[in-house]
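Heads up, the thing below is written out as structure tokens.
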Amino acid sequence: MSYTEDVFKGIRKYERNTCPLRSLVDVLNKISTGKPICILEIGLLDLFPKTDKLVPKEMFSPKKIIEHMMEMHGQTMEIVFENPLYVHKVVYKYNSDNEEKEYVFSNKMMFYEDIIIICYLYCTIIMSESYKDSTFSIVTALASMMRKKYIIYDDIYHPKTLDHEDLENITWFRIAYSFPSITFSILYHNFVEISLPSHLIFSGHDLPKIFYSPLLALIIPMLDFTPLPLLVTFAICVDNKKRRGIKTAISIWNYIYELYNSEVFPTNLKLRLCEMWGIVDKIDNKYKFTPYFKEISSRYTHQDLTEFMEQI
């Protein structure tokens with residue numbers, strides 16, 4: 263069995279007026295033609311820390327979320343096997359090469375397919391500005407089916423921020439960031455439109471949009487130097503700062519650094535993902551940040567970064 267590797271690589275991004283499920287179907291069709299696959303987080307689950315390790319500020323355990331998802335999928339498959347009438351379907355019709363086709367989503371799909379669907383819906387409906395004011399009935403039906411199957415706490419069109427003491431409820435947000443191999447693949451390949459601040463200090467560097475999600479710091483490994491500019495880059499997400507109630511520059515920095523120092527994901531996972539997206543290189547069996555980030559480090563002084571933080 264092979265692992266999923268950058269599943270959204272090479273997938274076409276369609277026009278804004280096209281139903282967002284179109285690209286999702288392309289992904290699902292692509293991965294269904296080869297050998298059975300396993301999501302990287304599942305394959306490395308034994309290396310995850312205990313479930314008492316929580317994502318800073320967000321207060322959830324990715325391992326616990328993953329185990330919950332696996333349990334819910336198993337329960338549903340048992341019910342469907344015993345009672346075929348329990349099967350629910352959502353049929354999506356689309357045109358491809360001047361031919362009408364259909365893709366049948368159901369509540370008995372493979373586990374890795376469900377995870378890709380949930381992460382994709384989170385990114386395109388909740389994160390992206392493309393569909394913020396749009397409602398597609400087929401998307402609503404699919405999201406509802408996933409929500410029921412996995413007992414997801416919030417509605418996809420009305421996401422909720424949980425109280426920090428709520429460690430149990432499963433949300434779209436928590437699922438998406440428990441599977442960084444999927445969610446950050448979606449961001450890396452620009453399936454999410456994000457407005458960037460005008461005072462971007464690293465505007466001369468064409469950084470992929472994954473660097474504008476502060477939670478990417480969760481999968482940055484500790485290697486040969488602390489990637490200070492890389493970490494500060496995450497902090498430019500002003501909307502995230504407001505949404506999470508973080509008010510001062512030092513609070514932003516502390517939040518990012520807490521994420522960077524957290525141990526909710528195993529090092530093996532961090533290295534594989536960062537190598538896949540060009541953040542680290544493996545040279546002579548040693549991992550190092552790519553020269554690209556060392557160049558940024560040498561170009562900007564601590565004073566530059568301090569002045570930038572004061573701006574936001």
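Numbering (our numbering), first residue to last: 263 to 574. Cβ atoms here follow ideal geometry from the backbone N, Cα and C, with glycine treated the same way. It should be emphasised that the depicted structure is a prediction, and the values quoted were computed from it without experimental measurement.
Starting from K315, trace the alpha helix (DSSP H) both ways and give me its first and last residue. One-based indexing of the sequence shown puts residue 315 at position 53. For K315, no alpha helix (DSSP H) segment is defined, and its DSSP state is neither H nor E.
Within 10 Å of its beta-carbon, does P553 have 16 or more other beta-carbons around it, so buried, or fewer, so exposed? Position 291 of the sequence shown holds residue 553. Flag for P553 reads exposed.
Where does S358 land, buried or exposed, given buried means 16+ other C-beta within 10 angstroms? Within the sequence shown, the letter at position 96 stands for residue 358. Classification of S358: exposed, given that the 10 Å Cβ count is below 16.
With 16 as the cutoff for other CB atoms within 10 Å, does V526 come out buried or exposed? By one-based count along the sequence shown, residue 526 stands at place 264. It is buried - the Cβ of V526 has at least 16 other Cβ atoms within 10 Å.
Using 9 Å as the threshold, is the C-beta distance between M334 and K411 below it? Looking up residue 334 in the sequence shown gives position 72. Looking up residue 411 in the sequence shown gives position 149. Contact: yes.
What beta strand (DSSP E) runs, 3 residues minimum, are completely inside the region 331 to 380? Within the region 331 to 380, the complete beta strand (DSSP E) runs of at least 3 residues are 351 to 358 and 361 to 368.
Identify every run of the alpha helix (DSSP H) within the region 401 to 440, keeping only runs that are complete inside it and at least 4 residues long; order them along the chain. As far as the region 401 to 440 is concerned, its whole alpha helix (DSSP H) runs of at least 4 residues are 434 to 438.
Could you spell out where the beta strand (DSSP E) holding V287 opens and where it closes? For the purposes of this step, residue 287 is identified with residue 25 of the sequence shown, where counting begins at 1. Counting along the chain, V287 falls outside any beta strand (DSSP E), though it belongs to the alpha helix (DSSP H) covering L283 to S294.
In whole angstroms, what is the alpha-carbon distance linking K326 and F310? Against the sequence shown, residue 326 aligns to sequence position 64. Against the sequence shown, residue 310 aligns to sequence position 48. Going from the Cα of K326 to the Cα of F310 covers about 10 Å.
Roughly how many angstroms lie between the CA atoms of D417 and W515, to the nearest whole one? Numbered from 1 along the sequence shown, position 155 holds the residue referred to as residue 417. Numbered from 1 along the sequence shown, position 253 holds the residue referred to as residue 515. Their Cα atoms are separated by approximately 31 Å.
Is the beta carbon of I328 closer than 9 Å to that of L307? The residue you call residue 307 lines up with position 45 of the sequence shown. The residue you call residue 328 lines up with position 66 of the sequence shown. Result yes, Cβ atoms of L307 and I328 sit closer than 9 Å.
Between K319, M321, C300 and K363, which has its C-alpha nearest D376's C-alpha? If you number the sequence shown from 1, residue 376 lands on position 114. Checking every option, the nearest Cα to that of D376 belongs to C300.
Let me know the secondary structure DSSP gives I545 once reduced to three states. On the sequence shown, position 283 is the one that residue 545 refers to. Assigned with DSSP and collapsed to three states, I545 falls in strand.
So L290 packs on I378, CB below 8 Å; how close in whole Å? The count along the sequence shown starts at 1 and reaches residue 290 at position 28. The count along the sequence shown starts at 1 and reaches residue 378 at position 116. Contact flag correct, Cβ pair sits at about 7 Å.
Look up C536 in the DSSP assignment and give the residues it is bridged to. Along the sequence shown, one-based indexing puts residue 536 at 274. None; C536 has no bridge partner.
How about K355 and E361: do their beta carbons lie closer than 9 Å? Within the sequence shown, residue 355 is the residue found at index 93, counting from 1. Within the sequence shown, residue 361 is the residue found at index 99, counting from 1. The Cβ atoms of K355 and E361 lie no closer than 9 Å to each other.
So, at 6 Å on beta carbons, what are the nonlocal neighbours of D268 in its own chain, with the 5 sequence-adjacent residues on each side left out? Indexing the sequence shown from 1 puts residue 268 at position 6. Sequence-distant Cβ neighbours of D268 in its own chain, meaning closer than 6 Å and more than five residues away, are S447 and M538.
For K548 and K532, I'd like the C-alpha separation in whole angstroms. Residue numbering aside, residue 548 sits at position 286 when the sequence shown is read from its first letter. Residue numbering aside, residue 532 sits at position 270 when the sequence shown is read from its first letter. Just so you know, the alpha carbons of K548 and K532 end up roughly 14 Å apart.
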